[in-house]
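Everything on this sheet refers to the single structure shown next.
Number of protein chains: 2
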Amino acid sequence: MNKFDKPEKILATALKLFVEYGFHGTPTSKIASEAGVSNGTLFHYFKTKDELVVALYTSLKSELSHFLIAKISETEVIKEKFRKLFTCSVEWAVENRDAFYFLQQFHFSPHRGLVSTEEIQQHSEIHLTLLQDARRAKVLKPLPPELIASLFLQQINGLYQYLTTHAEPVEKQQKWINDVFELTWTMISNPEAQ
Amino acid sequence: MNKFDKPEKILATALKLFVEYGFHGTPTSKIASEAGVSNGTLFHYFKTKDELVVALYTSLKSELSHFLIAKISETEVIKEKFRKLFTCSVEWAVENRDAFYFLQQFHFSPHRGLVSTEEIQQHSEIHLTLLQDARRAKVLKPLPPELIASLFLQQINGLYQYLTTHAEPVEKQQKWINDVFELTWTMISNPEAQ
DNA sequence: ATCTTTATTGACTGATCAGTCAATCCGAAC
DNA sequence: GTTCGGATTGACTGATCAGTCAATAAAGAT
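Each protein sequence line maps, in turn, to chains A and B. Per UniProt numbering, the first sequence runs over residues 1 to 194. Per UniProt numbering, the second sequence runs over residues 1 to 194.
Shown next as structure tokens:
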């Protein structure tokens, strides 16, 4: 194995094990051995176990973030940007179940406090700017932006939950994703304007 | 302290500590000492730490469940039942932040597998029967019931998230709760029938 | 070729902690 | 007042595991 791959391999292995056994249930020794490196190497790249957990979180967050930014910049109309954001988020979540699950797991763990607020906000920058654009264009209901953001994100979550627990053919999945997006859009958009 | 209070006191203390430090970050010894009992007493009432975690989960779940059932049985019209279910869930969540947070934390932890599927379903019985009633009355959109349930639950979640991170006067909170319920209802209900 | 830095190893340690247990305590029953 | 079963205690243990370290190897640098 190329040395440059090792930290990546460690992160990938940690993800798999954390999702299966939790942070506590996964000893660093097991991560190291399953990743095919020695105990010491793991601590060479990540000073502590906590640092490894946080590194995994930021790595996945920015992966998702870049993926979404790339997809969204292709479109122009605001509603279509929202649609892209929605569908791509769900698709990424379903195709990277472990990663998406881990992000939730992390969110509801004390490790969350180890990530600075700025870093967290930097990753939801897309959502915020898109929301501001929509606000300026007056296409949104008169609700607090943060509330709209929260509802929007939880719709993605709800869909992820459903799709990962009910096996369905891909076309059906696509249909639900589009249907739920339309419902969500009706929910948050202002019928008066636009 | 009355001996009958001890298991309850242990559960309450565990809740507080689990939310603050996580399952792993909370030694049983700390739970015992903060609850004002000895190490041995804790293990007298709960054979293992895992059993304590699961006991806390089922205890909170059934507390919420009974609370909701009591509130809902007061009303008759289906939409009003949904409204009650929604508003009461959110209010309970906001007034029992730690408890609601813990339920999520538990949900995204390996402990989840320790609770039998039947037990989990038993606790969401209200949601399921209400959903079946609504289905029979044909007031819902033609989507899979589980998908509707998931979206409904995540709306509660999104609102909880917003309300717990943005301090607002109680009247405002009430307004958002009602507004979001109406939005949710429009989202899941069939405008044709009713 | 020599020197310096960085990567890698795995045996080791010190601390932590879940769970045990023998001993006491307490209250209820009769 | 004696008996008996559960409640309570806290010191103790065996196992686990995060993180160290001294030694070795490999990779660059000049």
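Built from N, CA and C at the ideal position, the CB exists for glycine as well. For clarity, every value in this text was computed on a predicted model and none was experimentally measured.
*Return the residues of the region 166-186 of chain A that lie within a Cβ-Cβ distance of less than 8 Å from chain B, sorted by chain order.*
Against chain B - using a Cβ distance shorter than 8 Å - the residues of the region 166-186 of chain A are His-166, Trp-176, Asp-179, Val-180, Leu-183, Thr-184, Thr-186.
*asked:* Residues in the same chain with beta-carbon distance under 6 Å from Phe-181(B), minus the five sequence neighbours each way, listed in chain order, please.
replied: One-based indexing of the second sequence puts residue 181(B) at position 181. Excluding sequence neighbours, Phe-181(B) sits near Arg-83, Phe-86.
*CA-CA distance, Leu-17(A) and Ile-120(B)?*
Start at 1 with the first residue of the first sequence, and residue 17(A) comes out as number 17. Start at 1 with the first residue of the second sequence, and residue 120(B) comes out as number 120. Cα to Cα, the separation comes out at about 25 Å.
_Spatially closest choice to Lys-6(A) from Gln-155(A), Gly-36(A), Val-90(A), by CA coordinates_ = Translated into the one-based positions of the first sequence, residue 6(A) becomes position 6. For the residues Gln-155(A), Gly-36(A), Val-90(A), the minimum Cα distance to Lys-6(A) belongs to Gly-36(A).
_Beta-carbon neighbours of Gly-25(A), restricted to chain B and to distances below 7 Å_ = Taking the first residue of the first sequence as 1, we reach residue 25(A) at position 25. Per Cβ cutoff of 7 Å: Pro-110.
*Asn-157(B) touches chain A at which residues, Cβ-Cβ below 9 Å?*
To locate residue 157(B), count along the second sequence from 1; it is residue 157. Result: Ser-150, Gln-154, Asn-157, Gly-158.
_Beta-carbon proximity of His-127(B) to Ser-62(B), cut-off 8 Å_ = Translated into the one-based positions of the second sequence, residue 127(B) becomes position 127. Translated into the one-based positions of the second sequence, residue 62(B) becomes position 62. The answer is no: Cβ separation not under 8 Å.
*asked:* Along the UniProt domain "HTH tetR-type" (4-64) of chain A, where does the CB come closer than 8 Å to a CB of chain B? Name the residues.
replied: Cβ contacts with chain B: Glu-20, Tyr-21, Gly-22, Phe-23, His-24, Gly-25.
*Hey, is Glu-74(A)'s beta-carbon within less than 8 Å of any beta-carbon in chain B?*
Counted from its first residue, the first sequence places residue 74(A) at position 74. Between Glu-74(A) and chain B, the shortest Cβ-Cβ separation is not below 8 Å.
_Run through chain B and tell me which residues come within less than 7 Å of Gln-104(A), C-beta to C-beta._
What you label residue 104(A) is simply residue 104 of the first sequence in a count that begins at 1. Within chain B, the residues near Gln-104(A) are Phe-108.
*In terms of DSSP beta bridges, what is Ser-189(A) paired with?*
Within the first sequence, numbered from 1, the residue matching residue 189(A) stands at position 189. Bridge partners of Ser-189(A): Leu-140(A).
*What residue from Phe-102(B), Met-187(B), Pro-144(B) has the CA that sits closest to Leu-60(B)'s CA?*
For the purposes of this step, residue 60(B) is taken as the residue at position 60 of the second sequence. Of Phe-102(B), Met-187(B), Pro-144(B), the residue nearest in Cα terms is Phe-102(B).
*In chain A, which residues lie less than 7 Å from Glu-146(B) when you measure between Cβ atoms?*
For this step, residue 146(B) is matched to residue 146 along the second sequence. For the C-beta of Glu-146(B), the chain A residues within less than 7 Å are, from N- to C-terminus, Tyr-162, His-166.
*What are the boundary residues of the alpha helix (DSSP H) that includes Leu-17(A)?*
Numbered from 1 along the first sequence, position 17 holds the residue referred to as residue 17(A). Residue range 6-21 is occupied by the alpha helix (DSSP H) that includes Leu-17(A).
*So Ala-35(B) is in the alpha helix (DSSP H); what residue range does that whole segment cover?*
By 1-based counting over the second sequence, the position of residue 35(B) is 35. Segment 28-35, the alpha helix (DSSP H) holding Ala-35(B).
_Contact with chain A by Leu-143(B), beta-carbon distance below 8 Å_ = Within the second sequence, numbered from 1, the residue matching residue 143(B) stands at position 143. By this cut-off, Leu-143(B) is an interface position.
*asked:* I'd like the ranges of any alpha helix (DSSP H) spanning at least 4 consecutive residues and lying wholly in the region 40-88 of chain A.
replied: If you keep only unbroken alpha helix (DSSP H) runs of at least 4 residues inside the region 40-88 of chain A, you get 49-72.
*Simplified DSSP assignment, three categories, for Gln-194(B)*: Numbered from 1 along the second sequence, position 194 holds the residue referred to as residue 194(B). Because the pLDDT of Gln-194(B) is 48, which lies under 50, any placement of that residue in the model is unreliable, and the number read from its coordinates should be weighed accordingly. Coil, per DSSP.
*Straight-line CA distance for Gln-132(B) to Val-115(A)?*
In the second sequence, the residue the question calls residue 132(B) occupies position 132. In the first sequence, the residue the question calls residue 115(A) occupies position 115. Cα to Cα, Gln-132(B) sits roughly 43 Å from Val-115(A).
*Is the closest heavy atom of the ligand PLP to the C-beta of Glu-146(A) under 7 Å?*
Here there are no bound small molecules, and the ligand PLP is not part of this structure.
*asked:* I'd like the ranges of any alpha helix (DSSP H) spanning at least 4 consecutive residues and lying wholly in the region 129-180 of chain A.
replied: Counting only runs of at least 4 residues, the region 129-180 of chain A fully encloses the following alpha helix (DSSP H) elements, listed from N- to C-terminal order: 145-165.
*Buried or exposed: where does residue 198(A) fall if 16 or more other Cβ atoms within 10 Å of its Cβ makes it buried?*
Nothing can be reported for residue 198(A): it is not among the residues displayed for chain A, which extend from 1 to 194.
*Please name the residue, chosen from Ile-148(B), Gly-22(B), Pro-27(B), Asn-190(B), that lies closest to Tyr-162(A) on a Cα-to-Cα basis.*
Position 162 of the first sequence holds residue 162(A). Looking at the Cα atoms, Ile-148(B) is the closest of the given residues.
*Whole angstroms is fine: what's the gap from Lys-138(B)'s alpha carbon to Asn-190(B)'s?*
For this step, residue 138(B) is matched to residue 138 along the second sequence. For this step, residue 190(B) is matched to residue 190 along the second sequence. Between Lys-138(B) and Asn-190(B), the C-alpha separation is close to 8 Å.
_Nearest-angstrom Cα separation, counted from Thr-26(A) out to Glu-51(B)_ = Position 51 of the second sequence holds residue 51(B). Position 26 of the first sequence holds residue 26(A). Spanning the alpha carbons of Glu-51(B) and Thr-26(A) requires a straight line of approximately 19 Å.
*Could you give the DSSP three-state label for Val-94(B): helix, strand or coil?*
Position 94 of the second sequence, counted from the start, is the residue given in the question as residue 94(B). DSSP, reduced to helix, strand and coil, places Val-94(B) within a helical segment of the structure shown.
*Taking the alpha-carbon positions, what's the Leu-143(A) to Gly-158(B) distance?*
On the first sequence, residue 143(A) is found 143 positions in, with the first residue counted as 1. On the second sequence, residue 158(B) is found 158 positions in, with the first residue counted as 1. Cα-Cα distance, rounded: 13 Å.
*What do you get for Lys-47(B), buried or exposed, if any count of 16 or more other CB atoms within 10 angstroms of its CB means buried?*
Sequence index remark: in the second sequence, residue 47(B) carries index 47 (1-based). Of the residues assessed, Lys-47(B) falls on the exposed side of the cut-off, its CB having fewer than 16 other CB atoms within 10 angstroms.
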